[in-house]
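Student: My questions will all concern the structure given below.
Residue numbers (this note's numbering), protein chains in the order written: chain A, 19 to 223; chain B, 577 to 977.
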């Protein structure tokens, strides 16, 4: 979304303009759905509920949108993340985590090198549902900005320049933040697989 | 390919596992949500600014899942500030990197304990709060009153140890909204970062967040990443303030703390009756009559604008110009709830209702002076309330000037 359109929508939202809301919805509905499905799993039946809660919560607070706190997407996805966290908080993920951690422990190979991208992760590991669960759990633990950056760059395949444009910062800043985001992700992943089942690191909370 | 590119490719393969089982969004669902969300957006956007400010101000524990009852909670706080009653039998709710991390911690905590001090006018109530997911809550209030709720089972119990009584309540179709739940939905970025200062021997930094009408400052020990204190204020209830401290996250909590089984030998007590019928013009008339006969001066309130009404009311109360409610605690609360419906009615007025209030200085019994008027939904005439509290429907051209 270009800057002028973004400004126009933001102004419209603050003024309670129906067409501004519709413009925002059309622009981001599918992206929100897709991102929520990424974090919950495409097959999770609760995805629709969380998408709905996200947009209804956004609709209720849209007129208070403050562009100084970030772009429309950052704002909207922040609400989406909160709804995902609320959903997970009401679940008990320990059972799932115990299972996927056992699976991870059973794997042979230099697993730490897979996470640090020093070695290729074997195709059968990449195909495993359990790995997707671990990656999701690690991503959920990251701050909004890191999540957004990692998904844009490594899942959506966006260029650094495009991300910089979307986030209104320089490509150098994006490169630097991406390095920190990768490091934080690896740390989160490592903590997840190293923690004991009952410790607070394990639970999604 | 350079080493970095190779690493990027591997990292991309790892992260892309979240795309496993990818399917396209459900277009039909999104189309339905489009309509639903635009309705929600319009509903919230057509309220006046002052009205929306009150939406998440929460005091009464049981709040139905609707915009109207959220307004009701704000109305309660306004009346409560004015009357000076704090016998709710339950908790009064309020609803940069370090800040973002703390927000994450608050958002994701599976257990938490903390203390809140709620100040309403001159009165302060201290509450010890204990939470455990999914949906278990316990609040210990002054006088040994304990309120426990289990949202998953939609049940709650309040136990009055001093009177050896308990009250069970059904939370079906209701939700418990409170200060900590409001904090769970804080955005990752603060509106304003305040200067550092010392608090209880620690250097803390303030992060101010204004969200849904609650003005909150989170004081964080940035170095340790600990949440130290949250201070919340309500623009629509100027004399009300909440301070939360002593946060402990993810501590072990025994499920027995959240037992809904009453203690042996305690007597059951009926829950307070809450009138859940739609508020109407008569509720406003009841409030106006009460004000004119119980607040010194014999005239109607100078304003029904929520903040102004609360301000004037609490000043009158402070100056001893408001008659005390009579009766038992329960009867007092019933009276308060009844008055709440009056201010709630005024707060629900939307621009399309063309609401006017001109009661300032008008005395009860003045048959010739209109004190307020509005256009009911889908009506071509206006409803006018006069100083003697009679009501007439009049054509727009016959409205008072």
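We put the beta carbon where it would ideally sit given N, CA and C, even for glycine.
Closest Cβ-Cβ distance between residue 73 of chain A and chain B: below 7 angstroms?
Tutor: Output row for residue 73 of chain A: interface = yes.
Student: What is the DSSP secondary structure of residue 802 of chain B, reduced to helix, strand or coil?
Tutor: Residue 802 of chain B falls in the strand class under three-state DSSP.
Student: Does residue 94 of chain A come out as helix, strand or coil in the three-state DSSP assignment?
Tutor: The answer is helix: DSSP assigns residue 94 of chain A an H, G or I state.
Student: Beta-carbon of residue 586 of chain B versus every beta-carbon of chain A: anything under 7 angstroms?
Tutor: True, the Cβ-Cβ gap to chain A drops below 7 angstroms.
Student: Could you check if residue 587 of chain B belongs to the surroundings of the ligand MG, using beta carbon to heavy atom distance under 6 angstroms?
Tutor: Although the ligand MG was asked about, the structure shown includes no ligands whatsoever.
Student: In this structure, does DSSP put residue 775 of chain B in helix, strand or coil?
Tutor: Of the three classes helix, strand and coil, the one that applies to residue 775 of chain B here is strand, per DSSP.
Student: For the beta strand (DSSP E) that contains residue 30 of chain A, what are its first and last residues?
Tutor: Per DSSP, residue 30 of chain A belongs to no beta strand (DSSP E); it is in the alpha helix (DSSP H), 21 to 32.
Student: Of all the CB atoms in chain A, is at least one closer than 7 angstroms to the CB of residue 676 of chain B?
Tutor: Residue 676 of chain B counts as touching chain A.
Student: Looking at residue 94 of chain A: is its Cβ nearer than 7 angstroms to the Cβ of residue 76 of chain A?
Tutor: Yes, the Cβ-Cβ distance between residue 94 of chain A and residue 76 of chain A is below 7 angstroms.
Student: Pick out the complete alpha helix (DSSP H) segments inside the segment 833 to 896 of chain B, 4 residues or longer, and give them in chain order.
Tutor: Qualifying alpha helix (DSSP H) stretches, in chain order: 857 to 870, 882 to 894.
Student: When you compare only the Cα positions, how much space is there between residue 951 of chain B and residue 930 of chain B?
Tutor: Distance between the alpha carbons of residue 951 of chain B and residue 930 of chain B: 6 angstroms.
Student: Using beta carbons (cut-off 7 angstroms, strictly below), is residue 914 of chain B in contact with chain A?
Tutor: Closer than 7 angstroms: no.
Student: Are the segment 78 to 88 of chain A and the segment 47 to 56 of chain A touching by the rule of at least three beta carbon pairs closer than 8 angstroms?
Tutor: Judged by Cβ distances under 8 angstroms, the segment 78 to 88 of chain A makes no contact with the segment 47 to 56 of chain A, as fewer than three pairs qualify.
Student: Just checking: is the beta-carbon of residue 617 of chain B within a distance shorter than 7 angstroms of some beta-carbon in chain A?
Tutor: So, interface residue.
Student: Quick one: does residue 153 of chain A have its CB under 7 angstroms from some CB of chain B?
Tutor: Yes, contact with chain B.
Student: As a quick exercise: from B:694, B:769, B:729, B:722, pick the residue whose alpha carbon is nearest that of residue 706 of chain B.
Tutor: Comparing Cα positions, the closest option is B:722.
Student: Answer yes if the segment 830 to 847 of chain B comes into contact with the segment 883 to 902 of chain B, meaning at least three C-beta pairs across the two stretches below 8 angstroms, and no otherwise.
Tutor: The segment 883 to 902 of chain B vs the segment 830 to 847 of chain B: no contact.
Student: If you compare alpha carbons, which of B:862, B:933, B:940 is closest to residue 565 of chain B?
Tutor: No information on residue 565 of chain B is available, as it lies outside the stretch 577 to 977 that chain B covers here.
Student: Once the 5 residues before and after residue 717 of chain B are set aside, which same chain residues still bring their CB inside 6 angstroms of it?
Tutor: Taken in chain order, the residues that qualify are 703.
Student: Using a Cβ cut-off of 8 angstroms, pull out every chain B residue sitting near residue 202 of chain A, in sequence order please.
Tutor: Chain B residues near residue 202 of chain A: none, gap ~11 angstroms exceeds 8 angstroms.
Student: Indicate whether at least one CB of chain E lies closer than 7 angstroms to the CB of residue 707 of chain B.
Tutor: The chain labelled as chain E is not found among the protein chains of the depicted structure, namely A and B.
Student: Tell me whether residue 925 of chain B sits in a helix, a strand or coil according to DSSP, three-state version.
Tutor: Coil, per DSSP.
Student: Which chain B residues sit within Cβ distance under 7 angstroms of residue 193 of chain A?
Tutor: Chain B residues near residue 193 of chain A: none, gap ~10 angstroms exceeds 7 angstroms.
Student: For residue 833 of chain B versus residue 726 of chain B, is the C-beta spacing smaller than 7 angstroms?
Tutor: Against a cut-off of 7 angstroms, the Cβ pair of residue 726 of chain B and residue 833 of chain B comes out as no contact.
Student: Out of B:783, B:925, B:946, which has the shortest C-alpha to C-alpha gap to residue 976 of chain B?
Tutor: For the residues B:783, B:925, B:946, the minimum Cα distance to residue 976 of chain B belongs to B:946.
Student: When you compare the CB of residue 712 of chain B with every CB in chain A, is at least one pair closer than 7 angstroms?
Tutor: For residue 712 of chain B, the answer is no, since every Cβ of chain A falls outside 7 angstroms of its Cβ.
Student: Can you tell me whether residue 128 of chain A is helix, strand or coil according to DSSP?
Tutor: Three-state DSSP puts residue 128 of chain A in coil, outside helix and strand.
Student: I want to verify the contact list: residues of chain A whose CB lies under 8 angstroms from the CB of residue 929 of chain B, in sequence order.
Tutor: Chain A residues near residue 929 of chain B: none, gap ~16 angstroms exceeds 8 angstroms.
Student: According to the neighbour-count rule (16 or more other Cβ atoms, all chains shown, within 10 Å of its Cβ), is residue 763 of chain B buried or exposed?
Tutor: So residue 763 of chain B counts as buried.
Student: Exposed or buried, what is residue 907 of chain B when buried is set at 16 or more other beta-carbons lying within 10 Å of its beta-carbon?
Tutor: So residue 907 of chain B counts as exposed.
Student: Could you spell out where the beta strand (DSSP E) holding residue 721 of chain B opens and where it closes?
Tutor: Start and end: 721 to 726.
Student: Determine the burial state of residue 853 of chain B: buried for a count of at least 16 other Cβ atoms within 10 Å of its Cβ, exposed for fewer.
Tutor: Label assigned to residue 853 of chain B: exposed.
Student: In angstroms with no decimal places, state the Cα-to-Cα distance between residue 132 of chain A and residue 195 of chain A.
Tutor: When rounded, the distance between both Cα atoms is 21 angstroms.
Student: To the nearest angstrom, how far is the alpha carbon of residue 830 of chain B from that of residue 64 of chain A?
Tutor: Their Cα atoms are separated by approximately 29 angstroms.
Student: Going along chain B, which residues have a C-beta under 8 angstroms from residue 144 of chain A?
Tutor: Going along chain B in sequence order, the residues near residue 144 of chain A (Cβ under 8 angstroms) are 589, 590, 593.
Student: What is the residue span of the beta strand (DSSP E) that residue 137 of chain A lies within?
Tutor: Segment: none, residue 137 of chain A is in no beta strand (DSSP E) and carries neither H nor E.
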